[in-house]
Amino acid sequence: MASPIQKQRLELLKKQHETSNQTVLVHGAEPKSLHLLLAELESDKKVLKGLNRIEDKVQHKRDELVPKYKPAIEEYLKSGEKFDNPLLADMVVWLFDIEELETAIDWCEQAIANELDLPFKRDFATFCADAVLAWSEKMSAQGHSIEPFFSNVFEKVRDEWRLNEKLTAKYYKFAGLFLLRDEDGKPKASSVGDVETLEKSLALLVEAENQDPKAGVSSQMDKINQRIRALKEGTNL
243 MASPIQKQRL
253 ELLKKQHETS
263 NQTVLVHGAE
273 PKSLHLLLAE
283 LESDKKVLKG
293 LNRIEDKVQH
303 KRDELVPKYK
313 PAIEEYLKSG
323 EKFDNPLLAD
333 MVVWLFDIEE
343 LETAIDWCEQ
353 AIANELDLPF
363 KRDFATFCAD
373 AVLAWSEKMS
383 AQGHSIEPFF
393 SNVFEKVRDE
403 WRLNEKLTAK
413 YYKFAGLFLL
423 RDEDGKPKAS
433 SVGDVETLEK
443 SLALLVEAEN
453 QDPKAGVSSQ
463 MDKINQRIRA
473 LKEGTNL
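Take 243 as the starting number for the sequence shown in this note's numbering and just add one per residue.
Structure, rendered in C-alpha cells:
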C-alpha cells in the first residue's frame, strides 16, 4: 500500500504530466540533453513545490530528485566545461538540504575551480560556507560531530576563499567558541582547564573581531582572559 507522501507524489506527477507537452524519457535510457533535463527540472520543481511539509520535500529530494539528476552533473563536472549550468545550482542546494555534504562541498569546489557562477546573488564559495556553517551550528547544538566538514571548509575560508568579512568572522567565532564547550555543549571559558586551549580560542575570537568589529565576541574574550589568569595564578573562578 502506498504511503501518504507516495500518493501525494503520484497525484502531483499525474497532474503535471497531463498539462505538460514535454516528452519525458525513461530514466536509464539514452543520455538526455541539457535542454530536456532543464525542461524536466521545471516539472519536477512544480511537483516539489506541491508538497506541503518540509520533511516530505527533503525526502523527495533524497529519494527521487538527487538520484535522477546526479549522473548528469557528474558528467558535466567531469567534462570541465565552463558554462553555467542551472541544474548544478539546484543540485547543490538539494544536496545541502539532504545533508549529503561530502558531495555538495566537492561540487562547490569544482565549480569554483571552473569559475562557474550561481544564478542568485551569492557565489559558490559563499553559498558553500554559509551552508556548512549552518549545518555545523545545528550539529553542534545536537551534540553531533561536525568533522571533517567544518574544518575542511574553515581551512578554505581562512586560506583560499575571499569571502566577505562578516561571514569570515562567523567562522572564526564559531571555531573559537567551539573550543569552550562545556558538558552541555555551551561555550563556557570556566569549564576549560587547559591554558593552551583557551589561548587558541582567544586567538580565533580576536581574529573574528578583526574581521568584523561587530562579531560580538568581546565578552567571551574577557572571560577567557580571566580564566587564563586564574589558571596561571592557581585561583578558582
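Just so you know, even glycine gets a beta-carbon here, dropped at the ideal spot from N, CA and C.
Straight-line spacing of the CA atoms in Val308 and Met463 works out to 43 Å.
If you check the CB distance, Ile354 and Ala367 come in under 8 Å. As a beta-bridge residue in DSSP terms, Arg423 pairs with Pro429. Around the beta carbon of Phe325, fewer than 16 other beta carbons lie within 10 angstroms, which makes this residue exposed. Inter-residue distance for Ser461 and Thr477 is about 20 Å (C-alpha atoms, whole angstroms). Pairing Lys291 with Trp336, the inter-Cα distance amounts to about 13 Å. Within the segment 304 to 346, the complete alpha helix (DSSP H) runs of at least 4 residues fall at 308 to 321, 328 to 339.
Taking one beta carbon from each stretch, the segment 465 to 472 and the segment 435 to 442 have 3 or more pairs nearer than 8 Å; the two touch.
Here the alpha carbons of Asp298 and Leu279 stand approximately 23 Å from one another.
With a cut-off of 8 Å on Cβ pairs, the segment 357 to 364 is not in contact with the segment 385 to 393, counting fewer than three such pairs. Taking 8 Å as the upper bound for CB-CB distance, Leu293 and Tyr311 are not in contact here, some 17 Å apart. DSSP places Asn406 outside any alpha helix (DSSP H), giving it a letter other than H or E.
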